[in-house]
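Novice: Okay, handing you the structure first.
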Amino acid sequence: MTYETILYSVSDGVATITLNRPAKLNAFDDQMIAETTDVFKSAGRDGAVRCIVLTGAGRGFSSGQDLGAFQERGENISIGEHLRHGYHRLIRQMVTLEKPIIGAINGIAAGAGCGVALAADIRIASDNASFMLAFSRIGLIPDSGTNWFLPRLIGYARAFEMAVTADRVPAAQALEWGLVNRVVPAAQLPEITAAWARRLADGPTLAFVLTKRAMNRGWDMDLSEALEYEAYLQEVAGRSADNREGIAAFLEKRDARFTGA
Ligand code: T3D
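Mind the numbering: the sequence shown is residues 43 to 303 in our numbering, read in order.
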């Protein structure tokens with residue numbers, strides 16, 4: 043598939059996806075939803091990719107649903123169907139993807155753009171980034187997974203506040219609330235993201251993926267189920283070449299050379 047609304051590159055184990063409709067702060071139209079979903083799928087299947095970075099072109103990460111496209115489509119498709127066939131596929135693709143995803147949040151992440159940012163495994167925000175549940179401003183409820191992710195990440199009271207006020211939460215506050223992992227000066231976002239991506243791409247990919255599974259599924263389990271699931275996944279990790287390499291490297295007092303297998 044050739045892409046028109048996103049940029050995609052792979053270098054040395056790191057795939058970078060750039061949402062690329064900067065004139066609209068990378069608002070999602072149907073084509074960009076489809077292309078972003080497709081590119082995550084192919085990055086997931088590409089054995090050369092061990093970490094994925096998602097960012098936005100220009101001054102925004104993503105302003106969410108393209109409201110011009112929303113108005114144009116009128117009642118030709120119900121919002122529920124649009125969500126099910128569009129954003130839900132994208133969000134599920136990201137959360138179940140067997141590679142770690144870093145969201146390099148370079149500007150505002152609003153509406154569904156916030157949902158997509160929350161579906162990344164790690165968020166590194168520039169100091170001029172912000173997060174906004176823009177939905178109530180247009181008479182909608184939060185969607186694209188934001189009702190699921192946000193209360194878990196920052197608690198019900200803060201999530202509800204974000205939903206009903208639709209105020210921007212600046213990067214510094216997002217850090218304090220646990221919505222992002224790091225806040226960095228805007229000019230250093232690419233370099234600091236690249237260093238994180240390098241670290242993840244050089245790591246034991248299978249162990250990272252199984253960790254992602256354990257933590258994502260663990261939300262909905264009681265302790266006994268979560269312990270059992272951990273044991274099951276650890277069996278898998280324990281049979282990996284990276285587990286053997288990690289132990290050998292420790293005993294030989296050298297750095298491990300993980301292959302991701
Ligand atoms: O369809 C379904 O399945 C339902 C799903 C819904 C999911 C959703 O995401 S609903 C929420 C949609 N998003 C919004 O409501 C946010 C709308 N945008 C804004 O409120 C503001 O643009 C921001 C607060 C994000 C940023 O403000 P500011 O002042 O930094 O930028 P701006 O001047 O408003 O925007 C710059 C340009 O981008 C501007 O175009 P222009 O005037 O320069 O030609 C603006 O119209 C355009 N733009 C920004 N956001 C969108 C957009 N165009 C279309 N859709 C947008 N979402």
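In this text, a Cβ means the ideal position worked out from N, Cα and C, and glycines have one as well.
(1) Which runs of the beta strand (DSSP E) spanning at least 3 residues fall entirely within the segment 148–235, listed in chain order?
(2) Do you know how far the Cα of Glu277 is from the Cα of Ala57?
(3) Is the beta carbon of Phe112 within less than 7 Å of some heavy atom of the ligand T3D?
(4) Count the other CB atoms, across all protein chains shown, that sit within 10 Å of the CB of Lys141; report buried if there are 16 or more and exposed otherwise.
(5) So, for Val211: in the same chain, excluding its five sequence neighbours on each side, which residues have a beta-carbon less than 8 Å away from its beta-carbon?
(6) Secondary structure at Tyr45, three-state DSSP: helix, strand or coil?
(7) For the beta strand (DSSP E) containing Phe70, list its first residue and its last residue.
(8) Under the rule that 16 or more other beta-carbon atoms within 10 Å means buried, what is Met257, buried or exposed?
(9) Report the residue from Ala146, Gly106, Ile48 whose alpha carbon sits nearest the alpha carbon of Tyr129.
(10) Does Phe82 come out as helix, strand or coil in the three-state DSSP assignment?
(11) Nearest CA to the CA of Val158: which residue from Gly181, Phe191, His127?
(12) Helix, strand or coil for Val251? Go by DSSP, reduced to three states.
(13) For Ala57, which residues does DSSP report across the bridge?
(14) Smallest Cα separation from Leu109: which of Gly86, Gly145, Gly181?
(15) Leaving out the 5 sequence neighbours to the left and right, which residues in its chain are closer than 8 Å to Ala283 when beta-carbon positions are compared?
(16) Can you name the start and end residues of the alpha helix (DSSP H) that Phe292 belongs to?
(17) For the pair the segment 248–256 and the segment 223–233, tell me if three or more CB-CB distances fall below 8 Å.
(18) Which of helix, strand or coil does DSSP assign to Phe300?
(19) Going by the DSSP bridge assignment, what does Gln107 pair with across the sheet?
(20) Less than 6 Å between C-beta atoms, sequence neighbours within five positions excluded: which residues of the same chain meet that for Ala201?
(21) Check the DSSP bridge columns for Ile143 and list the partner residues they point to.
Specialist: Result, derived from the coordinates:
(1) 150–152, 164–168, 172–174, 224–226
(2) In the sequence shown, residue 57 corresponds to position 15, counting from 1. In the sequence shown, residue 277 corresponds to position 235, counting from 1. For Ala57 and Glu277, the distance between alpha carbons rounds to 29 Å.
(3) As a position in the sequence shown, residue 112 is number 70, starting the count at 1. The answer is yes for Phe112.
(4) Start at 1 with the first residue of the sequence shown, and residue 141 comes out as number 99. Lys141 comes out buried.
(5) Here residue 211 refers to the residue found at position 169 of the sequence shown. These residues qualify, in order along the chain: Ser172, Phe173, Met174, Met204, Trp219, Leu221.
(6) Mapped onto the sequence shown, residue 45 falls at position 3. Tyr45 falls in the coil class under three-state DSSP.
(7) Within the sequence shown, residue 70 is the residue found at index 28, counting from 1. Here Phe70 belongs to no beta strand (DSSP E), and DSSP marks it neither H nor E.
(8) Counting from one through the sequence shown, the residue named residue 257 turns up at place 215. Exposed: under 16 other Cβ atoms inside 10 Å.
(9) As a first step, residue 129 must be located in the sequence shown, where it is residue number 87. Answer by Cα proximity: Gly106.
(10) Against the sequence shown, residue 82 aligns to sequence position 40. Helix, per DSSP.
(11) Residue 158 sits at position 116 when you count from the first residue of the sequence shown. Of the candidates Gly181, Phe191, His127, the one whose C-alpha sits nearest the C-alpha of Val158 is Phe191.
(12) One-based indexing of the sequence shown puts residue 251 at position 209. It is helical.
(13) Position 15 of the sequence shown holds residue 57. Ala57 pairs with Val52, Ile94.
(14) The sequence position of residue 109 within the sequence shown is 67, counting from 1. Nearest option by C-alpha distance: Gly181.
(15) Along the sequence shown, read from residue 1 onward, the residue named residue 283 stands at position 241. Only Thr301, Ala303 meet the Cβ criterion.
(16) Here residue 292 corresponds to residue number 250 of the sequence shown, with the count starting at 1. Its alpha helix (DSSP H) spans residues 283–293.
(17) no
(18) Walking along the sequence shown from the start, residue 300 turns up at place 258. Of the three classes helix, strand and coil, the one that applies to Phe300 here is coil, per DSSP.
(19) Position 65 of the sequence shown, counted from the start, is the residue given in the question as residue 107. Partner(s): Phe70.
(20) Sequence index remark: in the sequence shown, residue 201 carries index 159 (1-based). If we look at Ala201 and ignore the five residues flanking it on each side, its Cβ neighbours are Leu192, Pro193.
(21) Taking the sequence shown and counting its residues from 1, one reaches residue 143 at position 101. DSSP output for Ile143 lists Ile94 as bridge partner(s).
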